[in-house]
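A quick write-up on the structure given underneath.
Residue numbers (our numbering), protein chains in the order written: chain F, -12 to 381; chain Z, -12 to 381.
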């Protein structure tokens, strides 16, 4: 059998996360690698109650085919929550329910990207986005992130000579860096993109998880139809349900619906109905508050342990929410090399390389603090500190 | 705002089914248009029991992220069922769980099709496949279907001058025609495709629903690694769960897994676990038997009503299973025109046009018999017969 795959497959790497899985599957390994919510945060009993209720009330319609756009009351709930949180007015018709926000990115890429099109991403960028975009063979242009958001000067320079289809951005508690764009940065960014007729694809899975500082509204609030907003129930209810959504202007939504229908007809009805029932019968804000208290404690504790066990030359971000810290090793030290050594000491993280396009042996790495308890955090950070020191002295 | 969509969007039409929905949303309309299972066939109570059991037993792991490949015990169950039904040996590693088999087709197209590649489809073909394939801009080549399967002579001729990537086929109770390839036809087809190094993508959502005649094994049984087999729980358990799968050789599976991860990380965990629990706690064969008794009765009754109310010039297939009948009007009579007139009489079906590439005003049409009771079947067929006669006399 002689197989010839599509050209696009050459541009897509196997996810690095899958490679790391090989290390973390060993139960003795302490892992800060994944991006998993803490399972104790899942509203298990409430989901049980909601499931029973909805199956009894409307079982046969839940098990039947649904509409491509998704369950209208759920879309209405999402629209109302945007209004409540930010005064952002969204018509439920502008919301499409997807299998997690990952699928929304795939559908958007399908609808918008031609081979060779310029597409802006952050530097560093969410690796799942790099993978997903790469299937459509765009020319990925990286925009450096500063502590307060996008480096506007270099973006402005890029826009003088390029016409990107869109900018894929995670402005709040960015994955992997944990950084958040300031309000000022958001305003300037919105102005710049709008002037140059560039859409913003704003991925926002983490903003509900703010445990410090002031909430900053999504950039969509100031970009109108230029803003495409992705959201998800994965980090606030359950990722196993695979429920995300995309908010887009009607003209774009038309194309997304066609793409969604060809991709898988519609999103799982069962999950949509169960989660909707959960949402209307419970206080989501109170639930999120509990998650935030938990994550704040883990984050604070990990910061303390890093102070105690890491050499002072390692710079680590101080997140105000979300799930990740971002560490920078002294110049010339490769986090890939560190990963290899750390694996031998049975501790794992994600090295920076897969978050960049065409850069290798970078000194940065991502640490997740949501899915380990304090005992594991102390032991893991201690082991990692030792390995870093060994590597620095080598 | 100036939007430029991807080129591929020009090749994809809005699904015709969505257009028909506008007619069928009127509750007074009798619809034979959809491809919906009868909701009374859903094992509602058993699903309730399974859901409660699995949430209590393993709730937090169900709500967490899962693996891209899908839940291993479910994949093992599927493999064992192929062995039991056909003696077909499949390694669970060769099975990927997808959001219905529709997604499997999208992932396969992504992995295999370059713009301009030849791809074989049936004539007529499943319209969701035409839509899904079109996103990858192949050159679609239609192979005529005869009563016993593919027209092998014209296929052989095509293969002299073309090198298609694959043949997308629904060999058992085909959608839309309801036709089934004979065993002899399958053998010849397998030989022809293998000789020419053409993969077969064999979509098999209906074969469990055989209520007449002898079971015929999937072509995969004789094609080995050249055969890619799609399956689904939509027609035998529940379509709202969006659970399908693809069986493919390891080399192809590698690419599908990368594509699946970029598309949506993994299929809904909740549905996978609930359906698996349902499957191991219940007798699936007994459940399917009940569906078959119901569908056979509907099918037989619709045939009788057609004999009674349609003019004898209309030729209608006699399905041995599945969900559809296929009618051919006298030459020169357009089923699109018929649809317009039928809408005024409040009866709906799917006209043939969307099942063909580049053919319009065809005289064929699809009738679904699974989702209407006898009262509606009689009244709907009666109305349709009257409209056909009016059109024939016009």
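In this text, a Cβ means the ideal position worked out from N, Cα and C, and glycines have one as well.
Based on the DSSP secondary-structure assignment, which residues constitute the bridge partners of residue i?
| i | result |
| --- | --- |
| residue 314 of chain F | F:303, F:352 |
| residue 189 of chain F | F:156, F:216 |
| residue 119 of chain Z | Answer is none; residue 119 of chain Z lacks a bridge partner. |
| residue 231 of chain F | F:85, F:219 |
| residue 126 of chain F | F:105 |
| residue 260 of chain F | DSSP lists no partner for residue 260 of chain F. |
| residue 197 of chain Z | Z:308 |
| residue 110 of chain F | F:131 |
With DSSP collapsed to three states, give me the class of residue i.
| i | result |
| --- | --- |
| residue 404 of chain F | Nothing about residue 404 of chain F can be read from this structure; chain F reaches only from -12 to 381. |
| residue 184 of chain Z | coil |
| residue 101 of chain F | coil |
| residue 400 of chain Z | Outside the shown range of chain Z, which is -12 to 381, sits residue 400 of chain Z, and nothing can be said about it. |
| residue 255 of chain Z | coil |
| residue 377 of chain Z | helix |
| residue 133 of chain Z | strand |
| residue 85 of chain F | strand |
| residue 60 of chain Z | helix |
| residue 293 of chain Z | helix |
| residue 32 of chain F | helix |
| residue 337 of chain Z | strand |
| residue 372 of chain F | helix |
Compute the Euclidean distance between the alpha carbons of residue i and residue j, then round it to the nearest angstrom.
| i | j | result |
| --- | --- | --- |
| residue 1 of chain F | residue -7 of chain Z | 25 Å |
| residue 44 of chain Z | residue 297 of chain F | 41 Å |
| residue 331 of chain F | residue 206 of chain F | 43 Å |
| residue 17 of chain F | residue 147 of chain Z | 59 Å |
| residue 157 of chain Z | residue 38 of chain Z | 32 Å |
| residue 98 of chain F | residue 251 of chain Z | 16 Å |
| residue 63 of chain F | residue 84 of chain F | 11 Å |
| residue 261 of chain F | residue 133 of chain Z | 45 Å |
| residue 26 of chain Z | residue 160 of chain Z | 20 Å |
| residue 268 of chain Z | residue 22 of chain F | 34 Å |
| residue 371 of chain F | residue 82 of chain F | 43 Å |
| residue 193 of chain Z | residue 308 of chain Z | 8 Å |
| residue 241 of chain F | residue 9 of chain F | 41 Å |
| residue 110 of chain F | residue 290 of chain F | 23 Å |
Against residue i, what residues of chain F qualify as contacts under a CB-to-CB distance less than 9 Å, listed in chain order?
| i | result |
| --- | --- |
| residue 255 of chain Z | 86, 227, 228, 229, 230, 254, 255, 257, 258 |
| residue 93 of chain Z | 249, 250, 251 |
Strictly below 9 Å CB to CB, what residues from chain Z border residue i?
| i | result |
| --- | --- |
| residue 283 of chain F | The contacting residues do not exist; residue 283 of chain F stays about 21 Å from chain Z at best. |
| residue 114 of chain F | The premise fails here: residue 114 of chain F is roughly 11 Å from chain Z at the closest Cβ pair, so nothing lies under 9 Å. |
For residue i, go through chain Z and note every residue whose CB falls closer than 7 Å to its CB, in chain order.
| i | result |
| --- | --- |
| residue 214 of chain F | In chain order: nothing, as chain Z lies at least about 11 Å away. |
| residue 52 of chain F | 23, 226, 227 |
Taking C-beta pairs closer than 8 Å, name the residues in chain F that residue i reaches, listed in chain order.
| i | result |
| --- | --- |
| residue 119 of chain Z | 249, 250 |
| residue 38 of chain Z | 38, 39, 42 |
| residue -11 of chain Z | 184 |
| residue 31 of chain Z | 42, 46, 47, 50 |
| residue 26 of chain Z | 47, 48, 50, 51 |
| residue 34 of chain Z | 42, 46, 50 |
Residues in its own chain within less than 7 Å of residue i by CB, not counting five upstream and five downstream?
| i | result |
| --- | --- |
| residue 311 of chain F | 162, 163, 165, 353, 354, 355 |
| residue 407 of chain Z | A question about residue 407 of chain Z goes unanswered here, because the residues of chain Z that appear run from -12 up to 381. |
| residue 42 of chain Z | 49 |
| residue 69 of chain Z | 75, 77 |
| residue 213 of chain Z | 180, 181, 186, 187 |
Note down, in chain order, every chain F residue with its Cβ under 7 Å from the Cβ of residue i.
| i | result |
| --- | --- |
| residue 90 of chain Z | 250, 251 |
| residue 336 of chain Z | What residue 336 of chain Z touches in chain F: nothing, since even the nearest Cβ is about 18 Å away. |
| residue -4 of chain Z | 98, 242 |
| residue 245 of chain Z | -1, 1 |
Going along chain Z, which residues have a C-beta under 8 Å from residue i?
| i | result |
| --- | --- |
| residue -8 of chain F | 98, 99, 242 |
Using C-beta distances below 6 Å, list every residue in its chain close to residue i, excluding the 5 sequence neighbours before and after it, in chain order.
| i | result |
| --- | --- |
| residue 107 of chain F | 128, 130, 151, 154 |
| residue 122 of chain Z | -5, -1 |
| residue 124 of chain Z | -5, -2, 102 |
| residue 183 of chain Z | 146 |
| residue 234 of chain F | 77, 81, 82, 216 |
| residue 176 of chain F | 137 |
Using a Cβ cut-off of 8 Å (strictly closer), state whether residue i contacts chain A.
| i | result |
| --- | --- |
| residue -1 of chain Z | Looking for chain A here will not work: the only protein chains present are F and Z. |
Report all residues from its chain with a CB closer than 8 Å to the CB of residue i; omit the five preceding and five following residues, and keep chain order.
| i | result |
| --- | --- |
| residue 86 of chain F | 229, 230, 231, 251, 254, 255 |
| residue 258 of chain Z | 228, 229, 230 |
| residue 373 of chain Z | 296, 332 |
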